[in-house]
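Each remark here refers to the structure printed beneath this line.
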Amino acid sequence: MYDRKHHYDRVVDCYLKDSLRKEELFNYIHTFLSMSDYTLDEKQSVRVKALQHIKDLVNINPVKTTALIAVHFSDKVHSIVTDLQDDDYLVFQFLMCLLDPSSREGLNPQAVMKVGPHLNELLVDLLCQFSPQQVITFLKMSRDYRLEETIQGDLCLRFVLGHNVGCYMDGGVWSSIRRTT
2 MYDRKHHYDR VVDCYLKDSL RKEELFNYIH TFLSMSDYTL DEKQSVRVKA
52 LQHIKDLVNI NPVKTTALIA VHFSDKVHSI VTDLQDDDYL VFQFLMCLLD
102 PSSREGLNPQ AVMKVGPHLN ELLVDLLCQF SPQQVITFLK MSRDYRLEET
152 IQGDLCLRFV LGHNVGCYMD GGVWSSIRRT T
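Sequential numbering from 2 applies to the sequence shown in the working numbering.
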């Protein structure tokens, strides 16, 4: 019904309310924004609605959300992270899909984006909190962070104290050491 009345943004709400069709929402948004059949205003209304529900989208499927953002909202990555900031775990899930090379399985190659070092450093901080065993692997695989900011201060201190593991760089290679005391 909303489709016939050109209320495409309301279709997004309908998908979100239907527990059986939530996963289909990603395909709807992608297809809608990719087609030339719609006006710029119609597309903008769907873009705005999708961004309003970014938390819901990440909760439903962070991998599909990341793919959608990489293709249609790449200019909004920093504002999306800001919108998610009140839930560290949502930020973690989103950034893992966006930035961690090992989490990109099944993502369209267009979905791999380069962002500034700040988001990579934020991901390292969140890895320390939610998945400390992956910190060293991420640091070895990614080169998009500032070494000084990443290994200084609160970040590594929490990692070391919280898990009895320290991280260090020796000859350009990240390693870890378990404290025994």
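Even glycine gets a Cβ: it sits at the ideal position worked out from N, Cα and C.
First through last residue of the alpha helix (DSSP H) which encompasses H54: H54 -> no alpha helix (DSSP H), and no H or E assigned at all.
Helix, strand or coil at F74 [DSSP, three-state]: coil
Unbroken alpha helix (DSSP H) run spanning P118, endpoints: 118 to 131
Validate contact between the region 19 to 34 and the region 67 to 84 using beta carbons, cut 8 angstroms, 3 pairs: yes
Straight-line gap, H79 to D87 (C-alpha atoms, nearest Å): 14 angstroms
For L140 and V125, believed in contact at Cβ under 8 angstroms, the rounded distance: 7 angstroms
Rounded straight-line distance, which links the Cα of L99 to that of S75: 11 angstroms
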